[in-house]
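Engineer: Shown below is the structure under consideration.
6 protein chains.
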Amino acid sequence: MLNKNIETFLGFDADYKDSSFVIFGAPFDSTTSFRPGTRFASKVMRSESFGLETYSPYQEADLTDYALFDGGDLELSFGNTERALEQIEEFTSLVLKDEKIPCMIGGEHLVTLGAVRAAAEKYPDLHVIQFDAHTDLREDYLDQRLSHATVIRRIWDLLGDKKIFQYGIRSGDRPEFEWAAQQHVFMNKFNFDGLENTVEKLQGKPVYLTIDLDVLDPSVFPGTGTPEAGGVSFVELLNAILTVSDLNIVACDINELSPVYDQSGVSTAVACKVLRELTIAINKNNEMGGVFNG
Amino acid sequence: MLNKNIETFLGFDADYKDSSFVIFGAPFDSTTSFRPGTRFASKVMRSESFGLETYSPYQEADLTDYALFDGGDLELSFGNTERALEQIEEFTSLVLKDEKIPCMIGGEHLVTLGAVRAAAEKYPDLHVIQFDAHTDLREDYLDQRLSHATVIRRIWDLLGDKKIFQYGIRSGDRPEFEWAAQQHVFMNKFNFDGLENTVEKLQGKPVYLTIDLDVLDPSVFPGTGTPEAGGVSFVELLNAILTVSDLNIVACDINELSPVYDQSGVSTAVACKVLRELTIAINKNNEMGGVFNG
Amino acid sequence: MLNKNIETFLGFDADYKDSSFVIFGAPFDSTTSFRPGTRFASKVMRSESFGLETYSPYQEADLTDYALFDGGDLELSFGNTERALEQIEEFTSLVLKDEKIPCMIGGEHLVTLGAVRAAAEKYPDLHVIQFDAHTDLREDYLDQRLSHATVIRRIWDLLGDKKIFQYGIRSGDRPEFEWAAQQHVFMNKFNFDGLENTVEKLQGKPVYLTIDLDVLDPSVFPGTGTPEAGGVSFVELLNAILTVSDLNIVACDINELSPVYDQSGVSTAVACKVLRELTIAINKNNEMGGVFNG
Amino acid sequence: MLNKNIETFLGFDADYKDSSFVIFGAPFDSTTSFRPGTRFASKVMRSESFGLETYSPYQEADLTDYALFDGGDLELSFGNTERALEQIEEFTSLVLKDEKIPCMIGGEHLVTLGAVRAAAEKYPDLHVIQFDAHTDLREDYLDQRLSHATVIRRIWDLLGDKKIFQYGIRSGDRPEFEWAAQQHVFMNKFNFDGLENTVEKLQGKPVYLTIDLDVLDPSVFPGTGTPEAGGVSFVELLNAILTVSDLNIVACDINELSPVYDQSGVSTAVACKVLRELTIAINKNNEMGGVFNG
Amino acid sequence: MLNKNIETFLGFDADYKDSSFVIFGAPFDSTTSFRPGTRFASKVMRSESFGLETYSPYQEADLTDYALFDGGDLELSFGNTERALEQIEEFTSLVLKDEKIPCMIGGEHLVTLGAVRAAAEKYPDLHVIQFDAHTDLREDYLDQRLSHATVIRRIWDLLGDKKIFQYGIRSGDRPEFEWAAQQHVFMNKFNFDGLENTVEKLQGKPVYLTIDLDVLDPSVFPGTGTPEAGGVSFVELLNAILTVSDLNIVACDINELSPVYDQSGVSTAVACKVLRELTIAINKNNEMGGVFNG
Amino acid sequence: MLNKNIETFLGFDADYKDSSFVIFGAPFDSTTSFRPGTRFASKVMRSESFGLETYSPYQEADLTDYALFDGGDLELSFGNTERALEQIEEFTSLVLKDEKIPCMIGGEHLVTLGAVRAAAEKYPDLHVIQFDAHTDLREDYLDQRLSHATVIRRIWDLLGDKKIFQYGIRSGDRPEFEWAAQQHVFMNKFNFDGLENTVEKLQGKPVYLTIDLDVLDPSVFPGTGTPEAGGVSFVELLNAILTVSDLNIVACDINELSPVYDQSGVSTAVACKVLRELTIAINKNNEMGGVFNG
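So the sequences go chain by chain: A, B, C, D, E and F.
Per the numbering used here, the first sequence starts with residue 154, numbered consecutively.
Per the numbering used here, the second sequence starts with residue 154, numbered consecutively.
Per the numbering used here, the third sequence starts with residue 154, numbered consecutively.
Per the numbering used here, the fourth sequence starts with residue 154, numbered consecutively.
Per the numbering used here, the fifth sequence starts with residue 154, numbered consecutively.
Per the numbering used here, the sixth sequence starts with residue 154, numbered consecutively.
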């Protein structure tokens with residue numbers, strides 16, 4: 154009590170040097186065109202996580218079984234998108250250099266670009282698995298090339314064809330769907346059908362997993378800027394996470410929680426539970442095989 | 154920019170004369186006995202529609218493929234129910250006379266009576282398909298014969314036996330269910346089972362489609378005056394719309410969105426998406442066969 | 154109109170002496186560790202019940218078919234947990250002595266302990282069926298032995314091994330799950346699988362049914378203190394209630410509605426509907442066989 | 154506890170026959186053109202009144218000093234304005250015939266017309282004091298003669314020139330202000346300046362007091378359909394009530410609370426306190442002089 | 154009805170060419186560091202303005218007395234601050250070139266910089282009067298020179314010493330207050346004391362008036378990103394506007410309404426009323442003297 | 154960044170040993186009879202304080218001028234009131250023993266009893282100044298002697314007659330006001346009139362200052378469990394704090410913020426500002442005279 158007040162996500166109690174898994178917040182939403190607010194996600198998740206148990210009855214494992222570190226939130230420049238992405242890239246690179254797995258909490262989806270840049274530098278053969286309602290494949294959006302609506306297209310600029318695997322997609326403009334259909338990225342609409350095939354194909358590859366929580370149905374997760382009806386259930390997302398956790402996930406993120414739009418707190422509780430399950434799934438796997446190191 | 158500010162539902166950009174499909178708002182909720190607020194639906198849907206894409210990945214078609222007109226909101230007399238219904242009937246008749254399909258955005262469900270009166274005048278053999286949680290079959294309600302709870306009974310007064318097909322019903326009083334069981338209307342409780350049979354039976358008939366959005370489960374669509382647990386999912390509703398869109402739909406409406414009861418905005422987003430899919434489904438069909446003209 | 158204003162749950166219009174089924178509120182939430190508010194549940198349910206129909210299209214029966222009494226809310230001591238439990242026990246005993254079935258509306262789940270104490274005194278062979286997201290099996294919680302998180306453990310102190318049957322459980326700490334696995338209680342995780350087996354096993358036994366409404370998925374029921382993703386649907390809960398209503402239910406409760414966390418009112422509407430269906434299910438069964446009387 | 158649950162406004166515990174002051178709700182808002190919701194006011198005020206003390210430190214008197222009766226809510230026809238006004242008139246007449254003072258809780262301001270009709274029949278020389286932000290003097294509104302925006306004009310139709318005294322007015326259209334300036338009614342804009350003069354002038358006259366709570370500044374009372382900045386404070390309204398309570402108030406009402414627009418509950422708490430102070434002020438005065446009886 | 158739906162702020166019905174006063178929205182909030190949402194202000198104000206009267210009982214004048222044009226909202230680049238400011242500058246210049254008075258609805262306060270650049274180009278001797286809770290005088294903020302917290306400092310870069318007059322200031326960091334005290338700008342803390350002196354001093358000068366609505370007390374105006382207790386009342390702000398309207402106001406703005414933070418709608422209603430009074434005050438003055446044309 | 158995430162109230166950055174002023178949270182609301190939620194106050198205040206400046210333009214001083222320590226929140230037993238008070242007393246005693254000034258953030262007002270017990274042990278001549286809407290002088294409440302409604306009476310048990318000075322009181326039951334009038338405590342109703350006299354009288358005495366934030370008008374501070382119209386303004390409270398800060402304040406608290414009831418965040422912002430001003434006022438004074446040490 155007589156030390157300064159420490160606030161970390163529930164169960165993330167280890168010191169940095171002892172941890173192999175590091176979460177941090179990237180509170181940025183300046184390019185959000187419709188309803189901003191994801192900047193509050195990481196802060197609110199930390200605060201509300203004390204309503205969560207550390208134990209997963211799904212995986213029969215506990216956050217306390219692992220050494221987990223919470224680095225707090227990056228201080229990002231609002232209104233200067235490129236600089237914010239650099240700050241994210243720098244921090245992610247630092248974590249990766251120390252042979253730990255970074256797990257970023259957005260923020261709008263654009264923050265993924267900063268983390269992927271860092272991961273791609275360390276792992277040139279990086280693949281990306283994306284769970285999302287939206288394609289995010291626009292070439293530009295409202296005259297901008299750096300936007301939540303273009304983020305996966307910018308990642309494709311970096312990684313090239315056939316490195317990106319999208320699941321759950323149910324919104325975008327027609328050119329995005331047509332571009333995807335030209336084999337630039339793999340896209341599975343509406344759900345996780347065929348995810349096992351992707352997992353099989355990516356065995357042994359370094360994988361970045363990005364989870365836009367709006368892949369969930371808005372009934373499950375109303376607290377997001379652009380809710381899209383027709384999404385997956387929590388159990389479907391959980392199973393998808395367990396499925397891909399067999400892969401060598403070298404970095405990951407969850408994003409697009411916007412707590413202000415769900416005053417029941419349910420969306421935040423769901424996000425916390427997704428983070429718990431994701432953390433356990435990746436760390437369980439690592440126990441058995443270690444961090445992928447290219 | 155130097156013209157007056159125009160606000161239409163996303164993608165409804167055509168002029169009246171060029172359009173074959175016309176939406177308009179009927180912001181009326183004076184007989185709502187429990188929780189009013191549907192009067193704001195059309196206004197809020199227009200305003201929020203810019204968070205929606207014009208493209209449907211479900212139907213692989215785009216609102217921009219069609220000439221669509223948004224006539225704005227009718228100015229209706231609050232507190233004078235009969236006069237408001239006349240105003241709705243007049244406007245609907247005008248649109249029908251010009252050989253366009255009217256699509257009304259309620260308002261409480263009673264507004265449907267005004268539009269059906271207009272449609273029944275032009276199409277004496279009119280049939281009605283109703284997606285709804287509630288029977289709306291009372292003879293009167295709180296001493297009134299014109300009420301959101303009696304609207305389908307009033308339509309039966311007009312059309313007679315075996316012209317009305319109800320799906321998704323899960324609320325009403327016992328006499329309503331008993332009356333329906335006397336073959337006055339066809340009622341399928343809880344879901345859309347057997348909708349194909351109705352579609353088969355109504356081939357070649359003029360059909361009015363009325364969608365009370367509370368047919369959706371309240372988890373999907375909380376923003377309504379009388380939420381009824383145990384409803385259908387968005388995908389089930391979407392499929393039902395696609396199923397009936399093969400018919401000759403001469404007029405339609407969606408109603409009972411009450412935005413104030415869902416501050417997440419999810420209900421409005423769902424309503425916008427239903428309108429997009431309904432619009433595309435009807436216009437796709439018309440491309441192939443033209444407006445039904447008796 | 155010129156009598157004092159009476160406010161009862163919809164359809165609970167009978168006098169006490171004529172009724173065989175008695176609801177009452179237990180507005181207590183003092184041990185709630187995360188988000189309080191269940192104290193308002195019974196009051197809000199009464200007030201909002203007039204948005205509900207008395208007729209169940211699921212069971213084709215009506216609340217008005219039975220003589221039902223609403224005893225209002227107990228006045229409980231906030232901040233004195235043991236005293237509040239005594240008050241609940243006293244009232245429940247009174248109702249049981251008069252050969253009526255008490256149905257308590259919580260409050261936090263701890264209130265169940267008071268009612269079970271009364272029921273166990275009358276029915277020494279009492280069994281408990283619990284629908285819940287949480288195990289509630291802790292030995293103590295935040296230094297307290299009387300808590301919403303320990304309530305079922307305290308009931309086990311009273312009833313002993315193999316008398317408690319838990320369904321829908323998806324949250325707790327590891328020791329709780331391990332303790333349950335030692336055959337102290339029967340626990341079925343996540344859903345109602347195998348409920349028929351429990352019903353078969355408990356034929357002829359006096360049963361207390363406790364429904365923590367957070368067994369429902371938060372999409373269906375966000376208005377609760379500790380929402381847990383991955384729950385059951387309304388229809389699944391309804392079917393589970395119908396399944397166990399064949400048993401001799403001597404007392405029951407529904408708890409953990411916290412209206413303030415769901416401003417759409419949907420959670421309250423769901424709770425009202427659960428109460429309607431539960432009431433009809435139990436009273437239908439009693440019509441056929443009478444109240445269990447040991 | 155074993156009687157049916159009674160719910161009255163705090164401190165209104167007497168039987169009808171013993172009371173000289175009778176409150177009742179008129180939950181009607183069908184003509185509300187902007188944001189409906191006042192229909193919930195009386196119900197919510199009853200429910201929330203238990204957060205209030207019965208004692209007034211302002212008047213050093215207590216609700217429990219008087220015999221006060223709460224008649225509950227009238228069941229009014231939604232969507233049939235004229236019928237609803239008749240129902241209000243009938244009930245008010247009944248209370249007046251029994252030599253009691255009726256105090257109506259609206260509803261939209263139009264409900265005042267029903268009560269004034271009853272009062273004017275018993276007291277042909279009736280005068281009206283109105284505390285309000287709005288003139289409500291339109292000849293008609295949205296084609297209707299019966300509307301919340303025309304209610305005082307309709308009362309003028311009944312009572313004639315120089316019988317109506319308006320205070321706090323700060324909104325209306327220009328013709329209303331011009332019409333008032335022609336000496337049809339007395340209007341004091343913005344505040345209660347000069348209220349003592351009106352009180353002096355109306356000594357010995359039967360007075361109907363109608364308080365549209367939107368006379369309060371929206372900072373104090375946000376929960377109303379048409380909030381108008383620049384209103385009076387709670388203490389100013391309290392003093393105005395105390396000032397006019399010296400008159401022979403034969404009937405009164407408070408109206409236009411719309412609880413749904415103020416989720417903090419502050420507006421409801423203010424309305425409850427205004428009702429407490431108004432009740433005590435009128436009953437204190439009556440103790441000294443008895444009900445005015447023409 | 155059969156024209157496209159036009160939505161303008163209440164009473165702004167004239168065509169561009171006929172108007173001498175032009176409002177437009179600048180929906181930008183990308184640099185907002187705390188709570189974003191001002192991007193919705195202009196849209197919501199238009200939508201809610203129909204709850205307002207066009208007539209001002211304060212000024213005894215009506216919006217309909219003037220030819221007023223609403224240019225709708227600019228489409229601004231989110232996340233590219235410099236580009237957004239250019240877009241604002243271009244539009245403002247166009248309006249100024251046509252000898253009309255532009256009145257911008259923000260948006261965060263940074264948008265003022267774009268409009269002031271345009272005004273300062275046309276009127277080299279431009280002075281700025283600022284009503285605001287915050288100094289906005291930082292040299293940079295979170296590493297950025299273009300920010301809502303630096304906007305007035307950037308305007309000082311443009312205009313130089315003794316051209317800026319701040320009223321109502323009650324928040325900032327110490328260096329800002331110290332810098333202001335060095336006579337770079339005139340600052341009056343907390344209220345409008347001495348505003349008459351400023352008006353006297355600026356007779357005959359071209360003045361840009363910028364109203365950050367958070368100058369109002371948060372009780373009056375809670376719907377803003379950074380509420381600061383201790384502000385002015387609506388009537389005080391109204392009087393301040395009337396006081397400065399004697400000056401030659403060549404352009405103006407109101408900003409920092411963030412509707413999502415005030416679900417009662419009161420803040421939006423206040424902003425609409427401020428815009429009505431500001432519009433009438435400036436146009437009344439112009440009737441007497443014409444637009445200042447340097 | 155690579156240390157654990159620390160979250161303290163803005164500007165409370167010092168280590169414990171270096172500080173003379175220590176804030177800590179007492180998140181307890183188990184006896185709250187009406188609307189709970191104050192348990193979240195300290196957590197939310199910390200989180201939201203980053204929207205505040207550290208500089209006070211009122212006192213022309215800065216939080217950063219002092220060494221201030223934030224001890225985080227106590228972990229209190231919910232549902233065991235006496236144990237919670239002991240925990241508060243222990244911590245407060247520890248801080249007092251180290252010659253620092255404790256400043257507790259409630260929680261419901263009952264928490265004050267724990268802190269006063271500690272202060273009265275160290276300072277036998279302790280006096281209490283209370284700013285509050287409520288008397289809190291009941292002998293017992295709902296059968297309990299330890300309650301938010303009895304807290305000042307319990308403190309009187311401890312300190313005896315003429316040690317307690319109440320300001321701003323406007324709610325209680327009649328016996329409380331009568332008991333106070335018997336000279337047990339000094340009570341000033343409604344406002345701070347005469348506070349200078351109290352300050353003069355208490356020169357040189359050890360003083361505990363307890364601020365129930367509901368002394369503020371609900372328009373300024375809606376986020377509290379029992380809002381009472383007719384309260385003081387922020388500036389009035391600020392001046393009262395400045396007035397009493399001349400005294401030897403040996404401990405203090407602010408309590409009864411309930412953030413969930415004010416979704417605008419304004420109440421939390423006000424509470425943060427009160428804490429800033431209170432902290433600066435006490436520390437400024439101590440600079441000149443040192444901590445009172447009996």
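All C-beta atoms in this analysis are idealised placements derived from N, C-alpha and C, irrespective of residue type, glycine included.
From a predicted model like this one, the values you see are computed outputs, not experimental measurements.
1. Suppose contacts are defined by Cβ-Cβ distances below 8 Å. Is V373/E in contact with S372/D by that definition?
2. Of all the CB atoms in chain F, is at least one closer than 8 Å to the CB of D415/E?
3. Give a yes or no on whether 8 Å exceeds the smallest Cβ distance from T265/B to chain D.
4. Using the three-state DSSP reduction, which class does K275/F fall into: helix, strand or coil?
5. Measuring straight from C-alpha to C-alpha, what distance separates S386/A and E261/F?
6. Just checking: is the beta-carbon of D310/E within a distance shorter than 8 Å of some beta-carbon in chain A?
7. Does the separation of the CB atoms of N408/C and T265/C fall below 8 Å?
8. Please look up how many angstroms separate the CB atoms of Y414/A and A272/A, rounded, as I've assumed it's under 8 Å.
9. Against chain F, does G384/D count as a neighbour if the rule is that its beta carbon must be under 8 Å from one of theirs?
10. Between the region 378-394 of chain B and the region 315-330 of chain B, are three or more C-beta pairs nearer than 8 Å?
11. Could you tell me if D293/C is buried or exposed, where buried requires 16 or more neighbouring beta carbons within 10 angstroms of its beta carbon?
12. Of all Cβ atoms in chain A, is any one closer than 8 Å to the Cβ of D182/F?
13. Can you confirm whether K342/D, when its beta carbon is compared against all beta carbons of chain E, has any partner nearer than 8 Å?
14. So if I threshold CB-CB distances at 8 Å, which residues from the region 232-251 of chain E count as touching chain A?
15. Taking 8 Å as the cut-off, decide whether the C-beta atoms of P189/D and D182/B are in contact.
16. Among the candidates V281/F, V197/F, G204/F, whose CA atom is the shortest distance from the CA of S186/E?
17. Go ahead and label N401/A buried or exposed: buried means 16 or more other beta carbons lie within 10 angstroms of its beta carbon, across all protein chains shown.
18. Kindly list the residues whose CB is nearer than 6 Å to the CB of C405/D, restricted to its own chain and excluding five residues on each side of it in sequence; keep chain order.
19. Hey, does S200/C have any beta-carbon neighbour from chain H nearer than 8 Å?
20. Does V211/E come out as helix, strand or coil in the three-state DSSP assignment?
21. Buried or exposed: N446/C, going by 16 or more other Cβ atoms within 10 Å of its Cβ?
22. How many angstroms separate the CA atom of L395/A from the CA atom of D251/A?
23. Would you say the region 218-231 of chain B touches the region 155-167 of chain B, given that touching needs at least three Cβ pairs under 8 Å?
Structural biologist: The relevant details are as follows:
1. Yes, these two residues count as a Cβ contact at 8 Å.
2. Under the Cβ criterion of 8 Å, D415/E is counted among the residues facing chain F.
3. False, the Cβ-Cβ gap to chain D never drops below 8 Å.
4. Judged by DSSP in its simplified three-state form, K275/F adopts helix.
5. Going from the Cα of S386/A to the Cα of E261/F covers about 39 Å.
6. Not closer than 8 Å to any Cβ of chain A, the Cβ of D310/E fails to qualify, so no.
7. With respect to T265/C, N408/C sits close: the two C-beta atoms are nearer than 8 Å.
8. The pair is not a contact, with the Cβ atoms about 30 Å apart (cut-off 8 Å).
9. Residue contact check for G384/D against chain F: no CB pair falls below 8 Å.
10. When Cβ pairs closer than 8 Å are counted between the two stretches, the region 378-394 of chain B is seen to touch the region 315-330 of chain B, the count reaching three or more.
11. Here D293/C is exposed, its C-beta having fewer than 16 other C-beta atoms within 10 Å.
12. For D182/F, no CB of chain A lies under 8 Å from its own CB, so it is not counted at the interface with that chain.
13. Yes, contact with chain E.
14. Closer than 8 Å at the C-beta level to chain A, one finds these residues of the region 232-251 of chain E: G232, N233, T234, R236.
15. Yes. Within cutoff.
16. Minimum Cα distance to S186/E is reached at G204/F.
17. Classification of N401/A: buried, given that the 10 Å Cβ count is 16 or more.
18. For C405/D, the CB contacts under 6 Å within the same chain, skipping 5 residues up- and downstream, are C256, L362 in chain order.
19. Judged by its chain identifiers, the structure shown contains no chain H, and its protein chains are A, B, C, D, E and F.
20. Note on residue identity: the sequence assigns Tyr, not Val, to residue 211/E. Shown here, Y211/E sits in coil according to DSSP, grouped into three states, outside any helix or strand.
21. Reliability of the predicted coordinates at N446/C is poor, the pLDDT of 37 falling under 50, and the value obtained from them is presented with this limitation in mind. By the 16-neighbour rule on beta-carbons within 10 angstroms, N446/C is exposed.
22. Between L395/A and D251/A, the C-alpha separation is close to 26 Å.
23. For the pair of segments examined, the region 218-231 of chain B was found to touch the region 155-167 of chain B: the number of CB pairs separated by less than 8 Å reaches three.
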